Amino acid sequence: GEDVEQSLFLSVREGDSSVINCTYTDSSSTYLYWYKQEPGAGLQLLTYIFSNMDMKQDQRLTVLLNKKDKHLSLRIADTQTGDSAIYFCAESATGGSYIPTFGRGTSLIVHP
Amino acid sequence: DTGVSQDPRHKITKRGQNVTFRCDPISEHNRLYWYRQTLGQGPEFLTYFQNEAQLEKSRLLSDRFSAERPKGSFSTLEIQRTEQGDSAMYLCASSSGLAGTGNGELFFGEGSRLTVL
């Protein structure tokens with residue numbers, strides 16, 4: 453997705469925190485999402501945040517949204533080897549009929 | 002298994018042949034989406050159905066591509082006269098609410114991988 457940018461790779465040690473970053477361009481974005489894709493599996497929604505929120509926490513996951521800078525991040529606390537996957541940022545906006553636009557994905561590699 | 006299922010999982014074809022993919026969404030979901038994913042890229046939107054009506058089509062969907070959802074349940078995506086550039090993973094997703102809203106979580110299938118020789 454040309455409107456959503458992510459770094460391609462992130463490598464962390466097991467037990468450390470992972471932070472995956474995403475920037476988007478559409479100022480009318482209303483919902484922002486994080487999807488996870490494990491090898492051979494379909495994308496699975498991890499969490500989402502509405503654009504009028506700054507932060508959302510769900511167990512080990514923390515989503516931070518800086519609407520001014522159009523920057524979204526996903527923090528995974530106490531990263532485990534089972535968290536190794538590709539993480540996709542996605543946004544939806546009224547101008548796009550709310551159909552989610554995805555980034556290229558960040559491949560998270562967790563070393564034991 | 003009550004998730005989204007796609008068939009076939011893999012298809013190898015020669016350039017110029019026609020291929021058809023099928024998607025069975027979660028049964029109570031009235032919205033169905035097709036995306037395409039190439040290596041190293043995120044999913045790119047192709048088309049969207051609400052029940053049997055095709056409501057949105059991406060400019061990526063050339064006239065060689067056609068999608069149907071005749072009874073508002075399963076959907077098919079047909080590619081005619083395939084080209085090597087059509088090689089990709091074709092993803093189907095369904096939702097009960099409007100995708101892109103708080104209750105519009107997309108449930109994805111595992112995809113159908115197309116290789117055009």
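Line by line, the protein sequences give chains Z and S.
Under this note's numbering, think of the first position of the first sequence as 453, with each following residue one higher.
Under this note's numbering, think of the first position of the second sequence as 2, with each following residue one higher.
Heads up, the beta-carbon is just placed ideally off N, CA and C, and yes, glycines get one too.
Keep in mind that this is a model prediction, so the values were computed, not measured.
Against chain S, the CB of residue 552 of chain Z has a partner CB under 8 Å away; the residue lies at that interface. Residue burial annotation: residue 492 of chain Z is exposed, with fewer than 16 other C-beta atoms found within 10 angstroms of its C-beta. Counting C-beta atoms within 10 angstroms of its own C-beta, residue 533 of chain Z has fewer than 16 neighbours from the protein chains shown and is therefore classed as exposed.
Taking a beta-carbon distance threshold of 8 Å, residue 529 of chain Z does not count as an interface residue toward chain S. Looking at the DSSP output, residue 34 of chain S shares a beta bridge with S:49 and S:94. The residues 486, 487, 488 and 513, in chain order, have a CB closer than 7 Å to that of residue 498 of chain Z in the same chain once the five nearest residues on each side in sequence are set aside. With fewer than 16 other CB atoms across the displayed protein chains lying within 10 angstroms of its CB, residue 39 of chain S is exposed. One alpha carbon belongs to residue 89 of chain S, the other to residue 556 of chain Z, and they sit about 14 Å apart.
In the three-state DSSP reduction, residue 509 of chain Z falls in the strand class (E or B). Residue 540 of chain Z reaches chain S at 43 and 44, counting residues in chain order whose Cβ is nearer than 9 Å.
For residue 531 of chain Z, no beta strand (DSSP E) encloses it, and the DSSP letter there is neither H nor E.
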